Amino acid sequence: KAGVTQTPRYLIKTRGQQVTLSCSPISGHRSVSWYQQTPGQGLQFLFEYFSETQRNKGNFPGRFSGRQFSNSRSEMNVSTLELGDSALYLCASSLAVLAGINEQFFGPGTRLTVL
Amino acid sequence: AQSVTQPDIHITVSEGASLELRCNYSYGATPYLFWYVQSPGQGLQLLLKYFSGDTLVQGIKGFEAEFKRSQSSFNLRKPSVHWSDAAEYFCAVAPSGTYKYIFGTGTRLKVLA
Chain A
29 KAGVTQTPRY LIKTRGQQVT LSCSPISGHR SVSWYQQTPG QGLQFLFEYF
79 SETQRNKGNF PGRFSGRQFS NSRSEMNVST LELGDSALYL CASSLAVLAG
129 INEQFFGPGT RLTVL
Chain B
228 AQSVTQPDIH ITVSEGASLE LRCNYSYGAT PYLFWYVQSP GQGLQLLLKY
278 FSGDTLVQGI KGFEAEFKRS QSSFNLRKPS VHWSDAAEYF CAVAPSGTYK
328 YIFGTGTRLK VLA
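Going down the list, the sequences are from chains A and B.
Using the working numbering, you'd call the opening residue of the first sequence number 29 and step up by one each time.
Using the working numbering, you'd call the opening residue of the second sequence number 228 and step up by one each time.
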């Protein structure tokens with residue numbers, strides 16, 4: 029079974045631009061979560077989608093948004109990029125049909141550098 | 228507030244030595260508990276998980292972890308470390324009834340030959 033895939037793997041943008049990252053979950057997984065990983069803040073939860081609905085959101089500004097499509101693929105968008113948005117963005121998928129067992133499987137991440 | 232603490236930022240051990248990585252959580256009830264490992268430039272790989280039942284859980288790569296409710300801890304152990312275990316290790320909790328993981332800040336393991 030193929031794992032979680034994320035595209036692109038690397039991105040370089042300049043301040044003020046916007047960026048879209050893509051995540052394809054494991055086949056059959058309907059939950060997709062996004063995390064930002066930085067050396068200073070560690071892993072921080074951005075949001076989680078299930079069946080095209082956002083069920084949970086972390087403490088990030090509105091510049092960070094996401095969506096999920098009917099095939100469970102997900103995208104996250106960051107508008108008006110700031111230098112501090114440079115990070116590894118990780119996507120994780122899970123069956124997560126019920127509130128409870130939430131084993132997540134992570135993709136390799138997208139490394140975003142903002143200049 | 229819910230939180231996860233990994234008190235050791237860096238740990239160095241010799242190959243063949245035993246290892247224990249500490250994890251403490253703050254949460255009103257017993258959450259779901261996980262240990263992940265991240266190699267440089269890679270995503271996170273699940274080592275083991277605790278949902279309920281036996282408090283000593285076995286994972287992949289020879290790792291085990293013990294849940295101690297009285298101490299709110301979920302420490303990761305390995306009896307004999309291999310050079311390939313050098314990586315960063317993250318403890319995570321998922322409070323029951325949510326779909327959100329809370330991660331610790333990670334422990335970076337260095338293995339000396």
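Cβ atoms here follow ideal geometry from the backbone N, Cα and C, with glycine treated the same way.
Computed from a predicted structure; not experimentally measured.
Name the chain B residues whose beta carbon is nearer than 8 Å to that of residue i?
{"i": "residue 76 of chain A", "result": "326, 327"}
{"i": "residue 114 of chain A", "result": "Per Cβ cutoff of 8 Å: no residues; residue 114 of chain A is ~15 Å from chain B at best."}
{"i": "residue 118 of chain A", "result": "270, 271"}
From the DSSP output, read off the bridge partner residues of residue i.
{"i": "residue 295 of chain B", "result": "B:300"}
{"i": "residue 119 of chain A", "result": "A:62"}
{"i": "residue 76 of chain A", "result": "A:61, A:84"}
{"i": "residue 231 of chain B", "result": "B:252"}
{"i": "residue 105 of chain A", "result": "A:48, A:93"}
{"i": "residue 314 of chain B", "result": "B:336"}
{"i": "residue 290 of chain B", "result": "According to DSSP, residue 290 of chain B bridges with nothing at all."}
{"i": "residue 38 of chain A", "result": "A:139"}
{"i": "residue 184 of chain B", "result": "Here chain B has residues from 228 to 340 only, and residue 184 of chain B is not among them."}
{"i": "residue 277 of chain B", "result": "B:260"}
{"i": "residue 33 of chain A", "result": "A:52"}
{"i": "residue 321 of chain B", "result": "B:259"}
{"i": "residue 241 of chain B", "result": "B:339"}
{"i": "residue 329 of chain B", "result": "B:320"}
Hey, residue i and residue j are a contact pair by Cβ (cut 8 Å); roughly how many whole angstroms apart?
{"i": "residue 73 of chain A", "j": "residue 61 of chain A", "result": "7 Å"}
{"i": "residue 303 of chain B", "j": "residue 287 of chain B", "result": "Residue 303 of chain B to residue 287 of chain B, Cβ: 12 Å. No contact."}
{"i": "residue 327 of chain B", "j": "residue 76 of chain A", "result": "6 Å"}
{"i": "residue 104 of chain A", "j": "residue 112 of chain A", "result": "Between residue 112 of chain A and residue 104 of chain A the Cβ distance is about 16 Å, and since that is not below 8 Å, they are no contact."}
{"i": "residue 319 of chain B", "j": "residue 242 of chain B", "result": "So it is not a contact: roughly 27 Å between Cβ atoms."}
{"i": "residue 334 of chain B", "j": "residue 248 of chain B", "result": "5 Å"}
{"i": "residue 64 of chain A", "j": "residue 109 of chain A", "result": "Their Cβ separation, rounded to whole angstroms, is 13 Å, which puts residue 64 of chain A and residue 109 of chain A out of contact at 8 Å."}
{"i": "residue 256 of chain B", "j": "residue 300 of chain B", "result": "Between residue 300 of chain B and residue 256 of chain B the Cβ distance is about 15 Å, and since that is not below 8 Å, they are no contact."}
{"i": "residue 140 of chain A", "j": "residue 59 of chain A", "result": "Residue 140 of chain A to residue 59 of chain A, Cβ: 23 Å. No contact."}
{"i": "residue 305 of chain B", "j": "residue 289 of chain B", "result": "6 Å"}
Just the chain B side, please: which residues come within less than 7 Å of residue i by C-beta, in chain order?
{"i": "residue 36 of chain A", "result": "Correct list: empty, because the minimum Cβ distance to chain B is about 14 Å."}
{"i": "residue 132 of chain A", "result": "328"}
{"i": "residue 124 of chain A", "result": "326"}
List, in order along the chain, the chain A residues whose C-beta lies closer than 7 Å to that of residue i?
{"i": "residue 332 of chain B", "result": "70"}
{"i": "residue 269 of chain B", "result": "136"}
Find the residues of chain B that neighbour residue i, judging by a C-beta separation of less than 9 Å, and give them in chain order.
{"i": "residue 98 of chain A", "result": "Correct list: empty, because the minimum Cβ distance to chain B is about 19 Å."}
{"i": "residue 59 of chain A", "result": "326"}
Quiz item: For the segment 75 to 96 of chain A, which residues have a beta carbon sitting closer than 8 Å to at least one beta carbon of chain B?
Solution: 76, 78, 83, 84, 86
Self-check item: Residues of the segment 271 to 294 of chain B with Cβ closer than 9 Å to any Cβ of chain A, in chain order
Solution: 271, 272, 273, 276, 278
Practice problem: Identify each residue in the segment 299 to 316 of chain B for which the Cβ-Cβ distance to at least one residue of chain A is less than 8 Å, and report them in chain order. | Solution: none
Quiz item: Given a limit of 7 Å on CB to CB distance, which residues of the segment 43 to 56 of chain A reach chain B?
Solution: none
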